[in-house]
Structure formats: structure tokens, C-alpha cells
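Engineer: Numbering (our numbering), first residue to last: 25 to 243. By construction, the Cβ of each residue, glycine as well, lies at the ideal position given by its N, Cα and C atoms.
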Ligand code: HEM
Ligand code: HEM
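(1) On the criterion of 16 or more Cβ atoms from any shown chain inside 10 Å, does residue 187 qualify as buried, or is it exposed?
(2) Nearer than 8 Å: is that true of the beta carbon of residue 183 relative to any heavy atom of ligand 2?
(3) Which parts of the segment 86-159 are runs of the alpha helix (DSSP H), unbroken and 4 residues or longer, counting only runs that do not cross its ends?
(4) Between the C-alpha atoms of residue 182 and residue 218, what's the straight-line distance to the nearest angstrom?
(5) Which first and last residues belong to the alpha helix (DSSP H) in which residue 81 is found?
(6) Can you tell me where the alpha helix (DSSP H) with residue 201 in it begins and where it stops?
(7) Below 9 Å between beta carbons: does that hold for residue 174 and residue 153?
(8) One question on the structure: do residue 184 and residue 71 come within less than 9 Å of each other, judged by their Cβ atoms?
(9) Consider the Cβ of residue 150: report whether some Cβ of chain D lies at a distance smaller than 9 Å.
(10) Terminal residues of the continuous alpha helix (DSSP H) containing residue 240?
(11) Examine the Cβ distances between the segment 138-149 and the segment 90-97 and report whether three or more of them are shorter than 8 Å.
(12) State whether the segment 205-222 contacts the segment 28-48, with contact taken as three or more CB pairs (one from each stretch) at a distance under 8 Å.
(13) Taking the CB atoms as reference points, tell me whether residue 198 and residue 74 lie closer together than 9 Å.
(14) Measuring CA to CA, which of 32, 91, 100 is closest to residue 141?
(15) Ignore the nearest five residues each way along the sequence and tell me which others in residue 156's own chain have a CB closer than 8 Å to its CB.
(16) Determine the direct distance from the alpha carbon of residue 57 to that of residue 193, and round the result to whole angstroms.
(17) Under 8 Å: does the beta carbon of residue 108 sit that close to some heavy atom of ligand 2?
(18) Are the beta-carbon atoms of residue 41 and residue 209 separated by less than 9 Å?
(19) Can you find a heavy atom of ligand 1 that lies under 8 Å from the Cβ of residue 213?
(20) Is residue 116 closer than 9 Å to residue 132 when the C-beta atoms are compared?
(21) Alpha carbon to alpha carbon, how far is residue 206 from residue 32? Give it in angstroms, no decimals.
(22) Is DSSP giving residue 219 helix, strand or coil here?
(23) Give the DSSP-derived three-state secondary structure of residue 34 in the structure shown.
Set out below in C-alpha cells:
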């Protein structure tokens, strides 16, 4: 087990970081170049003020009509997103590993809060899975890839919790945790998870077109 750990926490981790960083840059840069050739409106209509106005509206819970129409889903989605972004970035175990690798660190969350956030992330993911199974209109639009994506996202939270609480098999859970975290990082630039990079361009463009051209609000 020690040899496996050394490999995945060593050379594999560096490879994953490289693919993640280069992949993210490639994803944004290649889309920007394609838009230059094929989607001139994107650059013509882009307006920083309307883009920022739309982004500011959509990142705040319940500010758009569709969010107000689905309060339970909006709550689950925001709880999930806040905990899914904050927990891995400010978890003491992660910051410590980052410091060992790169030599710098930042403030961390107390472990009890990180643990509570982990549980909230898992509970909200269970809700989002349930919504895709039980709400008819959503089930109609759901394919296996939606469940695969939710599973990919859930795995690092479940295994991280398992390892942290030293539940039976915690050694293997740690290995599974690192591998699933790495799979998630690598998937970000190449799957729909790239929405965390592209959301701002998509929302910004829609906001620019609505604000600058249609003179309307997009929320
Ligand atoms: C990719 C490399 C990663 C490494 C090397 C890593 C490493 C670790 C370590 C060492 C722990 C502590 C476990 C223990 O105390 O035994 C941990 C916990 C945790 N990690 Fe990661 N992790 C990685 C990726 C991720 C990702 C991508 C996420 C989420 C998106 C994540 C979420 C968590 C959570 C939620 C916990 C448990 C917190 C708790 O319940 O207190 N990790 N991780
Ligand atoms: C800058 C950060 C992010 C932004 C702006 C963002 C935005 C969004 C939006 C607008 C949606 C669609 C509507 C919704 O279901 O709420 C969504 C869905 C989703 N996001 Fe994010 N996201 C971000 C980061 C993340 C991260 C870090 C993860 C996972 C680690 C993630 C995983 C997901 C998943 C799995 C869904 C689909 C949920 C479902 O199937 O119901 N997002 N995100």
C-alpha cells in the first residue's frame, strides 16, 4: 500500500496538476479562438458592465426568476456549490500537502467546519441525484452521463469523509480519495465540469446581449 501511495501522491499528482492547468488554459483559449472565427457576435456584443451585472445576479441565490420557482433545488445547488468550492480549497490536509509541494499556503477551515461542509455537500448531492430520478420533467432530460458526473463529484467527498473519520478500510479509502480527486481534477477541462471556467463567459455574453442589444434583463 505504501508503494501505491508514494506513486499516486508523487509522480501521478504532478502529472495530474500539469494536465489540469494546461487543460484549463487550452479549453478557454481554444474556445476563444473558435469564437473569433465562427462567433463574431461574442466579441461584438461583449460589454463588461452588462456581463458583470448578469454574473452578479446569477451567483446570488434566489435573484433570478427560475431560482425562485424552484426553491428546494436552488438551495441544494447553492449549498452544494459553496461547500464543493470552499471545502477542498481550505481543508487543512489539502493546504498542508500543497505547502509541501509548492512552498506556500493560506488560511484553513477548522476541521469541524470542513467536516460539516463535507456532510452538507454529500446531502445536497443526494438531493440533486434524487431530483433527477423523481422529478418527471428533469428525469425526461436526464441521461446516464448526468449520473456519472454526479458520481464523479461525490466520490472525493465520500472517500475524504471516510478516510478522515478512520472508518474501516480507511487506508484504502485514502488511496481511493486521492485517485478520485485526481480524476475530478483531470475531468474539469475536458467534461461539462468545465462549466466552472466557462460559466462566466456564457453568463457574461448573455448579459451583454440582453443588456446592450435587447435592452432587457436576463434574470
Ligand atoms: C487530488 C488530490 C487530493 C489529495 C492528495 C487529497 C488529500 C486528502 C487528504 C490527505 C485528506 C485527509 C484524510 C485524512 O485525514 O486521512 C483529504 C480529505 C478530504 N478531501 Fe481531499 N485530496 C485530494 C482531492 C480532493 C478533491 C478534488 C476534493 C473535492 C472536490 C477533496 C475533498 C476532500 C474532503 C471533503 C475531505 C474530508 C473532509 C472531512 O470530512 O473532514 N479532496 N484529502
Ligand atoms: C466557479 C464555480 C462554479 C460555478 C459558477 C458553477 C455554476 C453552475 C451552474 C450555473 C450549474 C447549473 C445549474 C444548477 O444545477 O445549479 C451547475 C451545475 C453543476 N455544477 Fe457547478 N459551478 C461551479 C463550480 C462547480 C464545482 C467546483 C463543482 C464540483 C466539484 C460543480 C459541479 C456541478 C454539478 C455536478 C452540476 C450539475 C448538478 C445537477 O446535475 O443537478 N460546479 N454549476
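Structural biologist: According to the structure shown:
(1) The residue labelled residue 187 in the question sits at position 163 within the chain shown. Label assigned to residue 187: buried.
(2) Within the chain shown, the letter at position 159 stands for residue 183. Checking the Cβ of residue 183 against ligand 2 gives no.
(3) As summarised for the segment 86-159, the continuous alpha helix (DSSP H) elements at least 4 residues long and confined to that stretch are 89-93, 95-114, 116-126, 135-158, given in chain order.
(4) By one-based count along the chain shown, residue 182 stands at place 158. By one-based count along the chain shown, residue 218 stands at place 194. Rounded to the nearest angstrom, the two C-alpha atoms are 22 Å apart.
(5) As a working mapping, residue 81 is identified with position 57 in the chain shown. Its alpha helix (DSSP H) spans residues 72-82.
(6) Numbered from 1 along the chain shown, position 177 holds the residue referred to as residue 201. It spans 194-214 - the alpha helix (DSSP H) in which residue 201 sits, taken as one unbroken run.
(7) Counting from one through the chain shown, the residue named residue 174 turns up at place 150. Counting from one through the chain shown, the residue named residue 153 turns up at place 129. Cβ distance < 9 Å, so residue 174 and residue 153 count as in contact.
(8) Start at 1 with the first residue of the chain shown, and residue 184 comes out as number 160. Start at 1 with the first residue of the chain shown, and residue 71 comes out as number 47. Their beta carbons are not under 9 Å apart, which means residue 184 does not touch residue 71 by this criterion.
(9) In summary, chain D is missing from the structure at hand, where a single protein chain is found.
(10) Numbered from 1 along the chain shown, position 216 holds the residue referred to as residue 240. Segment: none, residue 240 is in no alpha helix (DSSP H) and carries neither H nor E.
(11) no
(12) yes
(13) Counted from its first residue, the chain shown places residue 198 at position 174. Counted from its first residue, the chain shown places residue 74 at position 50. Not in contact: residue 198 and residue 74 (Cβ atoms no closer than 9 Å).
(14) Counting from 1 along the chain shown, the entry for residue 141 is found at position 117. If we check each option's Cα against that of residue 141, 100 comes out closest.
(15) For the purposes of this step, residue 156 is taken as residue 132 along the chain shown, with counting starting at 1. Here the set comprises 162, 163, 166, 170, 171, 174.
(16) Taking the first residue of the chain shown as 1, we reach residue 193 at position 169. Taking the first residue of the chain shown as 1, we reach residue 57 at position 33. Using only the alpha carbons, I get a separation of about 48 Å.
(17) Translated into the one-based positions of the chain shown, residue 108 becomes position 84. In terms of side-chain proximity, the C-beta atom of residue 108 is found nearer than 8 Å to a non-hydrogen atom of ligand 2.
(18) Walking along the chain shown from the start, residue 41 turns up at place 17. Walking along the chain shown from the start, residue 209 turns up at place 185. Cβ distance < 9 Å, so residue 41 and residue 209 count as in contact.
(19) As a working note, residue 213 is residue 189 in the chain shown. Because no heavy atom of ligand 1 lies under 8 Å away, the Cβ of residue 213 does not count as near it: no.
(20) As a working note, residue 132 is residue 108 in the chain shown. As a working note, residue 116 is residue 92 in the chain shown. Their beta carbons are under 9 Å apart, which means residue 132 touches residue 116 by this criterion.
(21) The residue given as residue 32 occupies position 8 in the chain shown. The residue given as residue 206 occupies position 182 in the chain shown. Approximately 9 Å, taken between the alpha carbons.
(22) Along the chain shown, read from residue 1 onward, the residue named residue 219 stands at position 195. Secondary structure of residue 219 (DSSP, three-state): helix.
(23) Along the chain shown, read from residue 1 onward, the residue named residue 34 stands at position 10. In this structure, residue 34 counts as coil in the three-state DSSP scheme.
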